[in-house]
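A.B. asks: In the numbering used here, each number is its position in the sequence shown, counted from 1, plus 107.
In this text, a Cβ means the ideal position worked out from N, Cα and C, and glycines have one as well.
Here you go, one structure.
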Amino acid sequence: MTIEECVQLAGLPLCGYRGTCFNQTDCLCDPGWSQNNEFAWYLAGEFDGDVTSIDRHLICDTNQTLLFWLYSVAGSLNVMSFAAHFSKVQRITTLLRIFPFLLSQLTIAIYCYLRMQAKKDRKLGEDSVTTVLFAIQNLAGLVTASVFFSKFMLYQAKSSPLAAIGSDAKRTRYLASSLTRTQNFMFFLDAVSTILLLASAFIRDFNVDAVILKAWLGVASFRMLYTILCTVYFPNLILADLGNVYEQLKGQLRYSSSGKRMKTYNETAEAHLKKVKKNMTHLRTLKLVILPYCCFLLWFNTVPLLWDMWYNVYKYFLPLGFSLGPLTYLVVLSLVAAQKKIRSGFSTSSTTSGAKSSFESTKT
108 MTIEECVQLA GLPLCGYRGT CFNQTDCLCD PGWSQNNEFA WYLAGEFDGD
158 VTSIDRHLIC DTNQTLLFWL YSVAGSLNVM SFAAHFSKVQ RITTLLRIFP
208 FLLSQLTIAI YCYLRMQAKK DRKLGEDSVT TVLFAIQNLA GLVTASVFFS
258 KFMLYQAKSS PLAAIGSDAK RTRYLASSLT RTQNFMFFLD AVSTILLLAS
308 AFIRDFNVDA VILKAWLGVA SFRMLYTILC TVYFPNLILA DLGNVYEQLK
358 GQLRYSSSGK RMKTYNETAE AHLKKVKKNM THLRTLKLVI LPYCCFLLWF
408 NTVPLLWDMW YNVYKYFLPL GFSLGPLTYL VVLSLVAAQK KIRSGFSTSS
458 TTSGAKSSFE STKT
């Protein structure tokens, strides 16, 4: 079976908005636009033979100039993110810890460079080199994100203001620790996702590739939904405990009496109040940065499974997603640096122990 007529997708005219159907068989594209069968997985099972033989029937949805600039921006941002994170490395142990992340950024930059060459054989699922690079960055990026998020949540629960003030946060610590236990299941999903991508790199049948890559989208959607739930749930637990600490300190200031000892206590408590507030602000900012990015990824990975037209848009999503990623990472890097300053402030304060004992004695 073969396709011999102009392709029409739901919600679009024949040949799309940038093409005209000629003789009910060929799509004639506007200047600057062309046909491309990349991500045209809705065609699986509709024909036999070489997929390029039906290109002339496809909708006109590809603008190579736009794709070139999108990949240029994405590649440049990933190089900047790579350089910014690598510049923070001072010890070999640090380099080893962030190596998966650096590998992810580097492979994305190489992937973008290859796609900028505008060769037709550089398609995800068809070209072995670019597909393997995509699989590597996918695995390295997901593993890095999981490990960073769980460790950051544990840090928030077990140290900084919660530990310095002496807050009882056992519930939060337990739940934050449970996050690390679910990592094994996430690593399993990441491995499945990578295997699917690698398989598509070496299978030359378009119909089989379409099934494999649709399965990959399904796994990626489930994975991102889990990430969104964690991004909402666990930071809110930490924020609730920090909020309790903040209100308790404010209450002690409100009802404290005069005197040298209480004045010293108040000055220390006020310093803690400022640091707790900064900690809460940084944590909220982190959530507000990560959550929209994860929702964006969930949207673009899920919609193609429900609407064929979105497969055609996916070719533009890849460089766009590659651009948003490093921007998110750079914001997270600055927030982590700010958190370290806050922690340093708590650990180096000469009056922390006195404030803590005063706080406990005032509670009783």
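Apart from the five residues on each side of it in sequence, which residues of its chain come closer than 6 Å, Cβ to Cβ, to residue 208?
C.D. replies: Within the sequence shown, the letter at position 101 stands for residue 208. If we look at residue 208 and ignore the five residues flanking it on each side, its Cβ neighbours are 251.
A.B. asks: Who are the near neighbours of residue 146 in its chain, counting only those whose CB is closer than 6 Å to its CB and skipping five residues on each side?
C.D. replies: As a position in the sequence shown, residue 146 is number 39, starting the count at 1. Closer than 6 Å at the Cβ level, and outside the excluded window around residue 146, lie 418, 421, 422.
A.B. asks: Helix, strand or coil for residue 122? Go by DSSP, reduced to three states.
C.D. replies: For the purposes of this step, residue 122 is identified with residue 15 of the sequence shown, where counting begins at 1. It is coil, neither helix nor strand.
A.B. asks: Between the Cα of residue 288 and the Cα atoms of 300, 309, 337, which residue gives the shortest distance?
C.D. replies: As a first step, residue 288 is located in the sequence shown; it is residue number 181 there, counting from the start. Closest option to residue 288, Cα to Cα, is 337.
A.B. asks: For residue 301, does the three-state DSSP call read helix, strand or coil?
C.D. replies: By one-based count along the sequence shown, residue 301 stands at place 194. Three-state DSSP puts residue 301 in a helix.
A.B. asks: For the pair the region 298-309 and the region 241-260, tell me if three or more CB-CB distances fall below 8 Å.
C.D. replies: Below 8 Å, enough C-beta pairs join the region 298-309 and the region 241-260 to call them touching: three or more.
A.B. asks: Check this for me: beta carbons of residue 439 and residue 255, under 9 Å apart or not?
C.D. replies: Stepping through the sequence shown from its first residue, residue 439 is reached at position 332. Stepping through the sequence shown from its first residue, residue 255 is reached at position 148. Yes. Within cutoff.
A.B. asks: Short of 8 Å in beta carbon distance, which residues of its chain neighbour residue 180, apart from the five on each side in sequence? Order them along the chain.
C.D. replies: The residue given as residue 180 occupies position 73 in the sequence shown. These residues qualify, in order along the chain: 426, 430.
A.B. asks: Do residue 185 and residue 165 have their C-beta atoms closer together than 9 Å?
C.D. replies: Here residue 185 corresponds to residue number 78 of the sequence shown, with the count starting at 1. Here residue 165 corresponds to residue number 58 of the sequence shown, with the count starting at 1. Cβ distance not < 9 Å, so residue 185 and residue 165 don't count as in contact.
A.B. asks: Can you check the region 181-266 for any alpha helix (DSSP H) of at least 4 residues that lies completely inside it and give the ranges in chain order?
C.D. replies: 199-222, 235-265
A.B. asks: Which partner residues of residue 135 appear in the DSSP bridge assignment?
C.D. replies: As a first step, residue 135 must be located in the sequence shown, where it is residue number 28. Answer by DSSP bridge pairing, in chain order: 127.
A.B. asks: So what does residue 141 bridge to, in DSSP terms?
C.D. replies: Walking along the sequence shown from the start, residue 141 turns up at place 34. According to DSSP, residue 141 bridges with 169.
A.B. asks: According to DSSP, is residue 112 part of a helix, a strand, or is it coil?
C.D. replies: As a first step, residue 112 must be located in the sequence shown, where it is residue number 5. In this structure, residue 112 counts as coil in the three-state DSSP scheme.
A.B. asks: Excluding sequence positions up to five away, which residues of its chain have a Cβ less than 7 Å from the Cβ of residue 415?
C.D. replies: Residue mapping note: residue 415 aligns to position 308 of the sequence shown, counting from 1. 116, 117, 149.
A.B. asks: Would residue 187 and residue 411 qualify as a contact pair, given that the criterion is a beta-carbon distance under 9 Å?
C.D. replies: The residue labelled residue 187 in the question sits at position 80 within the sequence shown. The residue labelled residue 411 in the question sits at position 304 within the sequence shown. In this structure, residue 187 lies away from residue 411, with their beta-carbon atoms at least 9 Å apart.
A.B. asks: When we look at the beta-carbon of residue 354 and count the other beta-carbons within 10 Å, is it buried (16 or more) or exposed?
C.D. replies: Numbered from 1 along the sequence shown, position 247 holds the residue referred to as residue 354. By the 10 Å Cβ count, residue 354 comes out exposed.
A.B. asks: Report the three-state DSSP secondary structure of residue 310 (helix, strand or coil).
C.D. replies: Taking the first residue of the sequence shown as 1, we reach residue 310 at position 203. In the structure shown, residue 310 sits in coil (DSSP, three-state: anything other than H, G, I, E or B).
A.B. asks: Given a cut-off of 9 Å, decide if residue 293 and residue 401 are closer than it, judged by their beta-carbon atoms.
C.D. replies: For this step, residue 401 is matched to residue 294 along the sequence shown. For this step, residue 293 is matched to residue 186 along the sequence shown. A distance of 9 Å or more separates the beta carbons of residue 401 and residue 293.
A.B. asks: According to DSSP, simplified to helix, strand and coil, what is residue 117?
C.D. replies: As a first step, residue 117 must be located in the sequence shown, where it is residue number 10. Three-state result, residue 117: coil.
A.B. asks: Taking the C-alpha atoms as reference points, what is the distance between residue 123 and residue 133?
C.D. replies: Within the sequence shown, residue 123 is the residue found at index 16, counting from 1. Within the sequence shown, residue 133 is the residue found at index 26, counting from 1. Using only the alpha carbons, I get a separation of about 12 Å.
A.B. asks: Mind checking whether residue 286 and residue 261 have CB atoms under 9 Å apart?
C.D. replies: For the purposes of this step, residue 286 is identified with residue 179 of the sequence shown, where counting begins at 1. For the purposes of this step, residue 261 is identified with residue 154 of the sequence shown, where counting begins at 1. Yes. Within cutoff.
A.B. asks: Give me the Cβ distance between residue 189 and residue 212, rounded to the nearest whole Å; I'm assuming they're in contact under 8 Å.
C.D. replies: For this step, residue 189 is matched to residue 82 along the sequence shown. For this step, residue 212 is matched to residue 105 along the sequence shown. 4 Å between Cβ atoms; contact.
A.B. asks: So, for residue 237: in the same chain, excluding its five sequence neighbours on each side, which residues have a beta-carbon less than 8 Å away from its beta-carbon?
C.D. replies: Mapped onto the sequence shown, residue 237 falls at position 130. Once the five neighbours on either side are set aside, the close Cβ partners of residue 237 are 218, 221, 222, 229, 230, 231.
A.B. asks: Compute the beta-carbon to beta-carbon distance between residue 167 and residue 136, rounded to the nearest angstrom, for a pair I have assumed lies under 8 Å.
C.D. replies: Here residue 167 refers to the residue found at position 60 of the sequence shown. Here residue 136 refers to the residue found at position 29 of the sequence shown. About 4 Å; that satisfies the 8 Å criterion.
A.B. asks: Residue 335 and residue 398 - do their beta-carbons sit closer together than 9 Å?
C.D. replies: Working through the sequence shown from its first residue, we reach residue 398 at position 291. Working through the sequence shown from its first residue, we reach residue 335 at position 228. Yes, Cβ-Cβ distance for residue 398 and residue 335 is below 9 Å.
A.B. asks: Nearest to residue 174 by CA position, among 199, 196, 141, is which residue?
C.D. replies: In the sequence shown, counting from the first residue as 1, residue 174 sits at position 67. Of 199, 196, 141, the residue nearest in Cα terms is 141.
A.B. asks: Do you know offhand how far residue 321's Cα is from residue 409's?
C.D. replies: Here residue 321 refers to the residue found at position 214 of the sequence shown. Here residue 409 refers to the residue found at position 302 of the sequence shown. The straight-line gap from Cα to Cα measures roughly 10 Å.
A.B. asks: Who are the Cβ neighbours of residue 253 in its own chain at under 6 Å, not counting the five residues just before and after it?
C.D. replies: Taking the sequence shown and counting its residues from 1, one reaches residue 253 at position 146. The answer, listed in chain order, is 290, 293.
A.B. asks: DSSP three-state label for residue 316, please.
C.D. replies: As a position in the sequence shown, residue 316 is number 209, starting the count at 1. Helix, per DSSP.
A.B. asks: Taking only the alpha-carbon atoms, compute the straight-line gap between residue 333 and residue 403 and give it to the nearest angstrom.
C.D. replies: By 1-based counting over the sequence shown, the position of residue 333 is 226. By 1-based counting over the sequence shown, the position of residue 403 is 296. Approximately 14 Å, taken between the alpha carbons.
A.B. asks: What's the C-alpha gap between residue 407 and residue 329?
C.D. replies: Position 300 of the sequence shown, counted from the start, is the residue given in the question as residue 407. Position 222 of the sequence shown, counted from the start, is the residue given in the question as residue 329. Rounded to whole angstroms, the gap between the alpha carbons of residue 407 and residue 329 is 12 Å.
A.B. asks: Measure the alpha-carbon distance for residue 343 versus residue 319 and round it to whole angstroms.
C.D. replies: Position 236 of the sequence shown, counted from the start, is the residue given in the question as residue 343. Position 212 of the sequence shown, counted from the start, is the residue given in the question as residue 319. Approximately 37 Å, taken between the alpha carbons.
A.B. asks: Is residue 387 near residue 413, with beta carbons less than 9 Å apart?
C.D. replies: In the sequence shown, counting from the first residue as 1, residue 387 sits at position 280. In the sequence shown, counting from the first residue as 1, residue 413 sits at position 306. No. Outside cutoff.
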